[in-house]
Each structure stands twice: as C-alpha cells, then as structure tokens.
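These notes are about the structure you will find just below.
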Amino acid sequence: MEFSRKAKAFFKDKGISQREIATKIGEGEVYVSKQLNKKEPSPKFLNQLANNYPNFDLNEMLRTDEVLNIVAEEREEYKLRSIILINEIEERFKELKKIVSPK
C-alpha cells in the first residue's frame with residue numbers, strides 16, 4: 176500500500192480531518208491535501224506529521240509492498256542455503272564417524 180492510502184487511513188481511524196492537520200502543523204488545507212495525495216510527500220511535510228503526531232510511524236507509512244516482497248524472497252533464499260549447509264555438515268559428520276569408529 177502506498178503512502179497516500181496509509182496516511183489517509185491513519186487519520187481517518189483517528190477521526191482527524193485534513194483541516195485539523197492543517198491547523199496543527201500551521202499550513203493550509205490545500206497544502207495538506209496535495210501532500211497527502213502525493214506518492215512521495217515532501218520531507219518537510221513528513222517531519223511536520225512526525226513532530227505533531229507521535230503515533231504516525233514514518234517507517235510504516237513509507238514502507239512499500241515491494242520492499243516486503245524483497246525481504247520475503249531473501250528469507251527463502253537463506254532458508255534454502257541453511258538446509259544445504261545442514262546437509263553438507265551431516266555428510267561430513269557421517270564421514271568422520273566412519274573414520275573414527277572401530278572396524
């Protein structure tokens with residue numbers, strides 16, 4: 176989900192209107208509306224929101240589904256790599272047992 180939808184949902188859930196946001200951050204309603212509708216709002220606006228709304232998590236608001244998918248793919252890659260390493264260790268352990276065990 177993109178910033179615009181996340182931010183709007185956040186303020187809607189809190190019952191905060193764009194007019195209230197504008198008043199709190201000291202900007203006009205048009206400015207707030209434009210920033211909330213942008214794919215990438217200005218750093219100034221993001222700072223204004225973060226400073227005035229402590230529960231407004233910028234990390235969550237700016238995180239994209241694309242980033243989450245990349246992380247999920249990497250996890251699968253590491254999982255597969257771990258399985259391969261475990262299998263290699265088990266094979267080497269079997270070889271050591273053969274060498275060490277009495278005949």
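Numbering (the working numbering), first residue to last: 176 to 278.
Glycine is no exception: its CB is placed at the ideal position from the N, C-alpha and C atoms.
Note that this is a predicted model, so its numbers are computed, not measured.
Taking a contact to mean a Cβ-Cβ separation below 8 Å, would you say residue i touches residue j in this structure?
i: Lys-214; j: Glu-265; result: no
i: Leu-224; j: Phe-231; result: yes
i: Ser-217; j: Gln-193; result: no
i: Lys-183; j: Asn-227; result: no
i: Ile-196; j: Phe-186; result: yes
Mapping the DSSP letters down to three states, classify residue i as helix, strand or coil.
i: Asp-188; result: helix
i: Arg-256; result: helix
i: Thr-239; result: coil
i: Ser-179; result: helix
i: Tyr-228; result: coil
i: Lys-273; result: helix
i: Ser-217; result: coil
i: Glu-263; result: helix
i: Glu-195; result: helix
Take residue i and list the residues in its own chain whose beta-carbon comes closer than 7 Å to its own, dropping the five residues that flank it on each side.
i: Asn-212; result: Ser-179
i: Leu-233; result: Leu-221 and Ala-225
What residues in its chain sit with their C-beta under 6 Å from that of residue i, if we drop five residues either side in the sequence?
i: Pro-229; result: none
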